[in-house]
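Sequence lines, in order, name chains A and B.
Using the numbering used here, you'd call the opening residue of the first sequence number -11 and step up by one each time.
Using the numbering used here, you'd call the opening residue of the second sequence number -11 and step up by one each time.
The beta-carbon is built from N, C-alpha and C at its ideal position, and this holds for glycine as well.
Since we're looking at a predicted model, the values are computed, not measured.
2 protein chains.
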Amino acid sequence: MNETRSDAAEGDVDTVRTAETLFDVVQRLTENDGATLAELAEELDYAKSTVHRHLQTLEQLGYVVQRDDGYHVGLRFLEVGVTARSSFRGYDLVRQKVEEIAEATGERAQFFVEEHGKAVYLARAAGDQAVRTDPGLGSRIPLYAASAGKAILAELPEPELFDMLERMSFEPVTDHTITDPDELRAEIEAGRERGYFFNREESLRGTHAVGVAICGPDGEVIGGLSVTGPSHRLTGERFESELPDLLLGAANELELNIAHS
Amino acid sequence: MNETRSDAAEGDVDTVRTAETLFDVVQRLTENDGATLAELAEELDYAKSTVHRHLQTLEQLGYVVQRDDGYHVGLRFLEVGVTARSSFRGYDLVRQKVEEIAEATGERAQFFVEEHGKAVYLARAAGDQAVRTDPGLGSRIPLYAASAGKAILAELPEPELFDMLERMSFEPVTDHTITDPDELRAEIEAGRERGYFFNREESLRGTHAVGVAICGPDGEVIGGLSVTGPSHRLTGERFESELPDLLLGAANELELNIAHS
DNA sequence: ATAAGTGTTCGACCATTTCGAACGATGATC
DNA sequence: GATCATCGTTCGAAATGGTCGAACACTTAT
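Printed below as a string of structure tokens:
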């Protein structure tokens, strides 16, 4: 099929170096919120003056805040991130549906989209527990380790799917994670027939999940919806039939609503 | 050439120019999601190649995504923004409380924090309407135009308050917005006695609000909590006594819970 | 008073960003 | 099926601007 691809595989295309150091600072700041200038310079191995200049720039632009206890990432990231989130079609509708599903099943429901070959959490709701904030909002897991991720993969057009599988590194998340491309391929095929996908302790030990894809009016995949719970509770009929049916119904309704929005 | 360095706070401190152009791109991308390279270069008045390089860098770092219909801001902003949000003490507790208040009052409840001299939405919940997403999450309004903003100002130590008032530009949001520093000062004093603050169509026509401050265990202000609603519904006893009491109770409880967390 | 911890400034070196024009790829129009 | 319009991409030359390290200023603890 394709052959002229190898050259772009690893070559760092020409890139703005300064931006890398800038986001290094941001990155370190998220991992070590409230860090001081000296700490950051030390950890990043840049000159203090360099880090200082970047922090000052970031602060002036609103992306960093300096308080008495050190530097913090600013809420402008949240502002931008929220617009990024709402740029997904039907996000509001999906969010409501996620909460409905959580309530109906008593389990945790979540919605992912694909970005840069990973599954990114966009919404999550818990059935039983008090309404807790979404801790991992925006966090990423490999597509092949999530039921919703597999559902997304299965809806991709063949060439894109091929590319994506090519680029995957298949690092295990748990000892049940699929690490064989052929095995993943087979599961995608199987799930395509059924319309729903499973995750048996592949992303978290002791946790099962069922997932389905959400597609837009033109057939393009928007994201994936899944229900997660303890493996002892997600089993048998409920796991293999009831929850899938519920999800398929939800997906269907969602897709209709999205198409008419 | 010699620089006349006005040692006041006015001068542009030395700043990473490249970062400015980079965030110019990001900014434009949030305002015009899905823009093409040519559009961005045109609107920003940079060379196409320059914008291209920045976009490529941003994409490689995960902060921008290129889809068939153009470039989009990436969800990494959301990821970073969420950590910024949860770096505020007691955010989870506050969020729950906001939802409780919305449910109890049937009106809209919201939580702000101060950043860069503005009030930033961190949480919002609506009582009546279906659970809708927070549209303006991360968005900013002037402190002096929000009841919760005034509450925050009133809790600041005098020197900081002074500085902040100095820097304020007092641009009106509606025709009821306070634009006179002395008037604001007076309202802050008055509210300090009472413990709560009002907003009478100062941020949105036809809308009233009551707000209180939330403080941490050391007396430092964390943010402000407020209830908003149509001015015809927020009036009389309910507006000037019931809601304030409710909010003061909520703040009190919150502060206790936060102190013990 | 001293010391250790902040953040801040400065000038010289040289890395790197910027620009514009030309290229290649894709899709629309006639 | 050829031509035009648009899109993203590449390239080298010129100068803009980022990096470094040492020294400064400031606050708090010893």
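When the distance is taken between beta carbons, is His248/A closer than 8 Å to Phe227/A?
Numbered from 1 along the first sequence, position 239 holds the residue referred to as residue 227/A. Numbered from 1 along the first sequence, position 260 holds the residue referred to as residue 248/A. Cβ distance not < 8 Å, so Phe227/A and His248/A don't count as in contact.
For Arg173/A, decide whether its Cβ has a neighbour in chain B, counting only Cβ atoms nearer than 8 Å.
Sequence index remark: in the first sequence, residue 173/A carries index 185 (1-based). Judged by the 8 Å Cβ criterion, Arg173/A is not in contact with chain B.
Got a sec, what are the start and stop residues for the beta strand (DSSP E) Glu208/A sits in?
Along the first sequence, one-based indexing puts residue 208/A at 220. Run containing Glu208/A: none; DSSP gives neither H nor E here.
Got a sec? Which residues, its chain only, sit under 6 Å from Tyr51/B by beta carbon, not counting five neighbours each side?
For the purposes of this step, residue 51/B is taken as the residue at position 63 of the second sequence. The answer, listed in chain order, is Gly62 and Arg64.
Below 8 Å between beta carbons: does that hold for Ile89/B and Val215/B?
Numbered from its first residue, the second sequence carries residue 89/B at position 101. Numbered from its first residue, the second sequence carries residue 215/B at position 227. Taking 8 Å as the Cβ cut-off, Ile89/B and Val215/B qualify as a contacting pair.
Run through DSSP, which three-state label would Leu213/A get?
Counting from 1 along the first sequence, the entry for residue 213/A is found at position 225. Reduced to three states, the DSSP call for Leu213/A is strand.
Pair every Cβ in the stretch 202 to 209 of chain B with every Cβ in the stretch 168 to 182 of chain B, then say whether three or more of these pairs are closer than 8 Å.
Contact fails: fewer than three Cβ-Cβ distances are below 8 Å.
By the three-class DSSP mapping on this structure, what secondary structure does Tyr79/A have?
Mapped onto the first sequence, residue 79/A falls at position 91. Residue state, collapsed to three classes: helix.
Grab me the residues of Val125/A's own chain with a C-beta within less than 6 Å of its C-beta, minus the 5 sequence neighbours each way, in chain order.
The residue labelled residue 125/A in the question sits at position 137 within the first sequence. The amino acid at residue 125/A is misidentified as Val; the sequence shows Leu. Taken in chain order, the residues that qualify are Tyr109.
If the cut is a Cβ gap below 7 Å, which residues of chain B does His255/A touch?
Because chain A in this structure spans residues -11 to 249, residue 255/A falls outside the shown range and cannot be described.
Inspect the beta-carbon positions of Val14/A and Val68/B and report whether they are closer than 8 Å.
The residue you call residue 14/A lines up with position 26 of the first sequence. The residue you call residue 68/B lines up with position 80 of the second sequence. The answer is yes: Cβ separation under 8 Å.
Taking only beta-carbon positions, decide if Gly50/A is within less than 8 Å of chain B.
For the purposes of this step, residue 50/A is identified with residue 62 of the first sequence, where counting begins at 1. Cβ-Cβ to chain B under 8 Å: yes for Gly50/A.
Counting only the same chain and skipping the five closest in sequence on each side, list residues whose C-beta sits under 8 Å from that of Gly22/A.
Start at 1 with the first residue of the first sequence, and residue 22/A comes out as number 34. Correct list, in chain order: Arg55, Asp57, Gly58, Tyr59 and His60.
Could you name the residues of the same chain whose beta carbon sits closer than 7 Å to that of Ala238/A, not counting the 5 residues immediately before and after it, in chain order?
By 1-based counting over the first sequence, the position of residue 238/A is 250. Result list for Ala238/A: Lys85, Ile89 and Leu213, in chain order.
Mind checking which residues open and close the alpha helix (DSSP H) that includes Gly124/B?
Against the second sequence, residue 124/B aligns to sequence position 136. Neither: Gly124/B is in no alpha helix (DSSP H) and is coded neither H nor E.
Pull out every residue of the stretch 10 to 29 of chain A whose Cβ sits closer than 9 Å to any Cβ of chain B, in chain order.
If the cut-off is 9 Å between Cβ atoms, the stretch 10 to 29 of chain A has Leu10, Phe11, Val14, Gln15, Leu17, Thr18, Glu19, Asp21 and Gly22 near chain B.
Alpha carbon to alpha carbon, what distance is there between Ser229/A and Cys203/A?
Sequence index remark: in the first sequence, residue 203/A carries index 215 (1-based). Sequence index remark: in the first sequence, residue 229/A carries index 241 (1-based). Cα to Cα, Cys203/A sits roughly 21 Å from Ser229/A.
Which whole-angstrom value is the C-beta distance of Ala107/B and Glu87/B, which I expect to be below 8 Å?
In the second sequence, residue 107/B corresponds to position 119, counting from 1. In the second sequence, residue 87/B corresponds to position 99, counting from 1. So it is not a contact: roughly 20 Å between Cβ atoms.
When DSSP builds the beta bridges, which residues end up paired with Ile202/B?
In the second sequence, counting from the first residue as 1, residue 202/B sits at position 214. Ile202/B pairs with Gly211/B.
Rounded to a whole number of angstroms, what is the C-alpha to C-alpha distance between Arg83/A and Leu131/A?
The residue labelled residue 83/A in the question sits at position 95 within the first sequence. The residue labelled residue 131/A in the question sits at position 143 within the first sequence. Each residue's alpha carbon lies about 20 Å from the other.
Tell me the DSSP bridge mates of Gly69/A?
Residue 69/A sits at position 81 when you count from the first residue of the first sequence. Answer is none; Gly69/A lacks a bridge partner.
Starting from His60/A, trace the beta strand (DSSP E) both ways and give me its first and last residue.
To locate residue 60/A, count along the first sequence from 1; it is residue 72. Residues Gly58 to Val61.
My guess is that Thr18/B and Thr71/A are in contact by the Cβ rule of under 8 Å, so how many angstroms apart are they, rounded?
By one-based count along the second sequence, residue 18/B stands at place 30. By one-based count along the first sequence, residue 71/A stands at place 83. Contact flag correct, Cβ pair sits at about 5 Å.
Mind listing which residues of the stretch 93 to 106 of chain B have their C-beta closer than 7 Å to chain A's C-betas, in chain order?
Of all residues in the stretch 93 to 106 of chain B, Glu103 and His104 have a Cβ within less than 7 Å of some Cβ in chain A.
Could you give the first and the last residue of the continuous alpha helix (DSSP H) run that contains Phe158/A?
In the first sequence, counting from the first residue as 1, residue 158/A sits at position 170. Taken as a continuous stretch (DSSP letters only), Phe158/A belongs to no alpha helix (DSSP H), as it is neither H nor E.
When the Cα atoms are used, what is the spatial distance from Phe99/A to Glu241/A?
Walking along the first sequence from the start, residue 99/A turns up at place 111. Walking along the first sequence from the start, residue 241/A turns up at place 253. Approximately 15 Å, taken between the alpha carbons.
Whole angstroms are fine: how far does the CA of Arg73/A sit from the CA of Leu66/B?
Locating residue 66/B in the second sequence gives position 78, counting from the first residue. Locating residue 73/A in the first sequence gives position 85, counting from the first residue. Each residue's Cα considered, the two are about 8 Å apart.
Helix, strand or coil for Tyr184/A, going by three-state DSSP, please let me know.
Locating residue 184/A in the first sequence gives position 196, where the first residue counts as 1. Tyr184/A falls in the coil class under three-state DSSP.
In the DSSP assignment, the alpha helix (DSSP H) including Phe11/B goes from what residue to what residue?
To locate residue 11/B, count along the second sequence from 1; it is residue 23. Unbroken alpha helix (DSSP H) run through Phe11/B: Arg5 to Glu19.
Strictly by DSSP, which residues pair up with Pro218/B?
For the purposes of this step, residue 218/B is taken as the residue at position 230 of the second sequence. Beta-bridge pairing links Pro218/B to Thr195/B.
Got a sec, what are the start and stop residues for the alpha helix (DSSP H) Arg41/A sits in?
As a position in the first sequence, residue 41/A is number 53, starting the count at 1. That run of the alpha helix (DSSP H) goes Lys36 to Leu49.
Using alpha carbons as the reference points, say which of Val161/B, Ser127/B, Ala136/B and Arg188/B lies closest to Ala294/B.
With chain B covering -11 to 249 only, the question about residue 294/B has no answer from this structure.
I need the straight-line Cα distance from Ser37/A to Ile246/B, nearest angstrom please.
Position 49 of the first sequence holds residue 37/A. Position 258 of the second sequence holds residue 246/B. Using only the alpha carbons, I get a separation of about 37 Å.
Where do the ends of the beta strand (DSSP E) carrying Glu103/B lie?
By one-based count along the second sequence, residue 103/B stands at place 115. Unbroken beta strand (DSSP E) run through Glu103/B: Arg96 to Glu103.
Between His164/A and Leu46/B, what straight-line distance do the alpha-carbon atoms span, to the nearest angstrom?
As a first step, residue 164/A is located in the first sequence; it is residue number 176 there, counting from the start. As a first step, residue 46/B is located in the second sequence; it is residue number 58 there, counting from the start. Each residue's Cα considered, the two are about 34 Å apart.
Please say whether Val4/B and His42/A have beta carbons closer to each other than 8 Å?
By 1-based counting over the first sequence, the position of residue 42/A is 54. By 1-based counting over the second sequence, the position of residue 4/B is 16. Going by C-beta atoms, His42/A is nearer than 8 Å to Val4/B.
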